[in-house]
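> I have a structure here, written as structure tokens, and I will follow up with some questions on it.
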Ligand SMILES: Cc1ncc(COP(=O)(O)O)c(C=O)c1O
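Residue numbers (the working numbering): 1 to 386.
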């Protein structure tokens, strides 16, 4: 269950060296009462229905409902979900896929995993791809656009879909951080040909290990995804295509089936906390800057990210006070060692590079109590001298 005024588990006067006073991870709080989960798992183990089992089908149906999509296909990880979705819409080795350098490595890893080439386009104010820059990155080899709903913000999908339509490109949404998000009332996952979500333990909807799920409105894409995640097997003896073994574990779906009931409450609590931060920190410019919020976006705040002038000092100060702030991430993808064969370098993407130097993430999860949110606010304001 989510929290607002109830007390967190005791943490004493500790700092990050022991236990942070305001922790980034909430798993101990979320699973403080294990009994209901263990009961579900005990019943499940007795069925022996471990692979592509009934609980997985149930989870897929329920996840599809949350995304207002007809099909959801559980896969091993969010990364695999993106890679398989790209394959399912026809992206092939040698094709180019446009995305942003301001993301977690997995977005780029999924493109590279299938032999395609990532082509970066700079991000904008909300840490998502800048749609006005996409067109100039399109070449005859471009096959798809992979916008990332980074931090739980929703990329400008109408503008992206417009470019994609004009150039005959597929769009796969990286919705790994954005379950429950929407733009103009339309959920993430319902804009492009398909969307990949992560169920990693620290995602808004999480399971007890790795997991992912892809949603789509296209029955053919859904069918290809079901084949690709399960060795390409049409049935026990017939292989339609060479696929991979990347099925969402039915055991994880058992956990997911319990947590998906809380999805709406989780999302609402995160939005509530973010709104408090926005309001309480919006007068600290230029030292600390709250990003502009695009109208019509249901931003689900997987990450609550600010821009700070003296970011590293602020991070140290918050950590010293027991606020487990973090950086997501200090090096944009095009400047990573792994990207050295790509035609980019310092200066290629000024917005993403500037953001890598000033982004800072505050804890904003659904298990924070109001006093903890106040303490985070007070800590940032103290640092700024406000
Ligand atoms: C933006 C983004 N894309 C892709 C992924 C990959 O998800 P997973 O860790 O489930 O493979 C993640 C999560 O870690 C992510 O944050």
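Note that beta-carbon positions come from the ideal geometry of N, C-alpha and C, so glycine has one too.
Is the Cβ-Cβ distance between residue 188 and residue 153 less than 8 Å?
Their beta carbons are not under 8 Å apart, which means residue 188 does not touch residue 153 by this criterion.
> Please determine whether the Cβ atom of residue 365 lies at a distance below 7 Å from any heavy atom of ligand 1.
Outside the cutoff, so no.
> Does the beta carbon of residue 186 fall short of 7 Å from some heavy atom of ligand 2?
Ligands present in the displayed structure are limited to ligand 1, and ligand 2 is not among them.
> Taking buried to mean at least 16 other C-beta atoms within 10 Å of its own C-beta, is residue 301 buried or exposed?
Classification of residue 301: buried, given that the 10 Å Cβ count is 16 or more.
> Closest by CA to residue 172, which one among 275, 64, 231 and 215?
Nearest C-alpha to residue 172: 215.
> Is the CB-CB distance between residue 367 and residue 181 below 8 Å?
No.
> Between residue 181 and ligand 1, is there a pair consisting of the residue's CB and a ligand heavy atom that are separated by less than 7 Å?
The answer is no for residue 181.
> Taking only three categories from DSSP, how would you classify residue 125?
Coil.
> What number of angstroms, rounded off, separates the C-alpha of residue 389 from the C-alpha of residue 334?
Only positions 1 to 386 of the chain appear in this structure, which leaves residue 389 out of reach.
> Nearest CA to the CA of residue 319: which residue from 272, 57 and 363?
If we check each option's Cα against that of residue 319, 363 comes out closest.
> Might you give, ordered along the chain, the residues of its own chain that have their beta carbon closer than 8 Å to the beta carbon of residue 323, omitting 5 neighbours on each side?
The residues are 20, 21, 22, 362, 363, 375, 376 and 379.
> Can you tell me the Cα-Cα spacing of residue 282 and residue 141, whole angstroms?
If I take the Cα positions, the gap works out to 43 Å.
> Which same chain residues, not among the five before or five after residue 107, have their C-beta less than 6 Å away from its C-beta?
The answer, listed in chain order, is 99, 148 and 174.
> Which whole-angstrom value is the C-beta distance of residue 329 and residue 304, which I expect to be below 8 Å?
15 Å between Cβ atoms; not a contact.
> So which of 345, 296 and 340 has the shortest CA-CA distance to residue 185?
Ranking the options by Cα distance to residue 185, first place goes to 296.
> Does the separation of the CB atoms of residue 86 and residue 178 fall below 8 Å?
No.
> Any idea if residue 4 is buried or exposed, counting beta-carbon neighbours within 10 angstroms, 16 or more meaning buried?
Residue 4 comes out exposed.
> Using a Cβ-Cβ cutoff of less than 7 Å, which residues in the same chain neighbour residue 294 once the five nearest sequence positions on both sides are dropped?
The residues are 126.
> Can you tell me whether residue 13 is buried or exposed, with buried defined as 16 or more other CB within 10 angstroms of its CB?
Caution is warranted here: a pLDDT of 42 is assigned to residue 13, below 50, making its placement in the model unreliable, and no coordinate value can be reported.
> Buried or exposed for residue 50, please, with buried defined as at least 16 other CB atoms from any protein chain shown within 10 angstroms of its CB.
Classification of residue 50: exposed, given that the 10 Å Cβ count is below 16.
> Mind checking whether the beta-carbon of residue 212 lies closer than 7 Å to any heavy atom of ligand 1?
Correct: residue 212 has its Cβ closer than 7 Å to ligand 1.
> Let me know the secondary structure DSSP gives residue 33 once reduced to three states.
Three-state DSSP puts residue 33 in coil, outside helix and strand.
> Let's test the definition: count the other Cβ atoms within 10 Å of the Cβ of residue 170 and tell me whether it reaches 16, buried, or not, exposed.
Residue 170 comes out buried.
> Hey, is residue 85 close to ligand 1, as in C-beta under 7 Å from one of its heavy atoms?
Flag unset: Cβ of residue 85 not near ligand 1.
> Less than 7 Å separating the Cβ of residue 198 from some heavy atom of ligand 1?
Residue 198 Cβ: within cutoff of ligand 1.
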